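Here it is as structure tokens:
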């Protein structure tokens, strides 16, 4: 097995990974970025609506960072670590100004300042945007910036597992997807920036690459996931393809209507209406459909027609194109058919405000794979792009400090450890018969959607846990039909399924354990939030086939829990 030596390895080429790599390389260290896809195809490019920021002199005169923090804490149903939310708010304007200087062409106001729009849960409008292609614009800007530094990109490589030296991360085992050749990347520090896990669900706005790899690699290495029960469902995925229709559509004035033509959000969030937080809107749409006020097939309408054709095509071009191309609907003339779909994961690798994990020395995480926790039980729209850049930068700076103080691992057994990890990976695809991995995958996605979805209860979650454990056992005897050594995508799909199974059992167990409703975790058998017993973070470890659950306190600074009404 070949070996490559770096100061730091970053897994993932999206915004969080690139910002971390930028900070580490700018300090003079040698960095490898390993990505399943070319960096500009990372899922950050799919974030449409905008990036939240309080910009002094370019915000509502009544707005300030405290309001932004309060909105984030309340939006997260008080499970947010408030020091993290304060940092996010305080650094938001600086981050947007940096990205603008580096070349991001934000939409402008008539006076030339960066434009802003409302997003769900915001007291004042503070979402900055590039039409409805904001993530793509930011990603291209940052990739250009990082490309000039001492960063080596390994695109279309698959990270298999973390390589450990005792309780210390000493590198990564990765395989080139073109040739399936394994390589040991030795490094003093590893940054997980692998994004989300939407492919666990039958309906998701996520790309096919979002299979929860980083979460599962961390679990297998012995790190905890924090708050894994909290899964966000976006209210407006295009029916029937589940392509995202950005919250920007409602931020620009779009109205949700049922089959009676009613603006039904007046019943569920009379003040914020269609711009209530995502968990509330998703549940509201689901109730409308279940009670017979949806359209045949199970969707509601998102009406933009009153905005006018030119405005829609200028500010919501992607939504217009998606509706026309994938649903045959002209959004300038008729409502867009939408329904909820899995969108984001608030849970993640347990890290502190600097992105550092305490279970494994040398392990860091940033972006959606991490749980700082800045989103708590529910993320507000346009805070995700901001999180990738703010905490990507904080994590990169923490890695620089770590590299200054720590030497490379002197272990002589790393190669053996990497070989063992490779053998373990091959055991999942060596069978000639049994169950095809695709069959297991489809069953898993349906179980997660049906039983660990928008509405949950004890019976559903117990069923889910039982089914996931059965499917996880089948993974050990699954097979792939492709035995080639060149671009064997089936092989890597099977390894992704192994990752998804490890994560699924953690989510189901954690959701069953939390006997309350908070944010995106809604239990019909425990419909109220229970601050007395559950104002605490879940910590979940995977020990073989056993899930071990622990807890840690929420960091409170200035905001005490209050009723979450909109």
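Numbering (our numbering), first residue to last: 112 to 677. C-beta atoms are modelled at their ideal positions from N, C-alpha and C, and glycine is treated no differently. Just so you know, these numbers come straight off a predicted model, no measurement behind them.
When the five nearest sequence neighbours on each side are left out, the beta carbons in the same chain lying within less than 8 Å of the beta carbon of residue 546 are those of 585, 588, 589, 590, in order along the chain. In the three-state reduction of the DSSP assignment, residue 669 falls in the coil class. If you check the CB distance, residue 569 and residue 491 do not come in under 8 Å. The beta carbon of residue 393 sits closer than 6 Å to the beta carbons of 344, 346, 451, 565 from its chain, once the five residues preceding and following it are set aside; these are given in chain order.
Around residue 593, the same chain offers 599, 600, 601, 602 as residues with beta carbons nearer than 8 Å, after the five sequence neighbours per side are excluded. The beta carbon of residue 635 lies closer than 6 Å to those of 566, 568 in the same chain, with the five residues before and after it left out.
According to the DSSP assignment, residue 510 belongs to no beta strand (DSSP E) but to the alpha helix (DSSP H) extending over 494 to 516.
Contact between residue 334 and residue 471 holds: their C-beta atoms lie close to 5 Å from each other, under 8 Å. Residue burial annotation: residue 317 is buried, with at least 16 other C-beta atoms found within 10 angstroms of its C-beta. The alpha-carbon of residue 412 is positioned some 23 Å away from that of residue 161.
Residue pairing of residue 456 in beta bridges, as defined by DSSP: 342. Taking C-beta atoms as the reference points, residue 117 and residue 143 count as a pair closer than 8 Å.
A straight line joining the alpha-carbon of residue 633 with that of residue 327 spans about 24 Å. Residue pairing by DSSP leaves residue 327 without any beta bridge partner. Secondary structure at residue 675: coil, using DSSP grouped into helix, strand and coil. Contact between the segment 302 to 314 and the segment 471 to 486 is present, with at least three C-beta pairs closer than 8 Å. Here residue 611 is buried, its C-beta having at least 16 other C-beta atoms within 10 Å.
Look at residue 182 here: in three-state DSSP terms it is helix. Using a Cβ distance threshold of 8 Å, residue 229 and residue 203 do not count as a contacting pair.
Its Cα nearest to that of residue 151, the residue 127 stands out among 127, 464, 163, 205. Taking the Cβ atoms as the reference, residue 507 lies roughly 13 Å from residue 481, outside the contact range of under 8 Å. Under the DSSP definition of a beta bridge, residue 662 partners with 649. Going by DSSP, residue 286 is part of the beta strand (DSSP E) stretching over 279 to 287.
Sixteen is the threshold: since fewer than 16 other Cβ atoms of the shown chains lie within 10 Å of the Cβ of residue 213, the residue is exposed. Of 544, 284, 358, the smallest CA-CA separation from residue 535 is found for 284. Close CB contacts of residue 219 within its chain, under the 6 Å cut and outside five residues either way in sequence, are with 226 (chain order).
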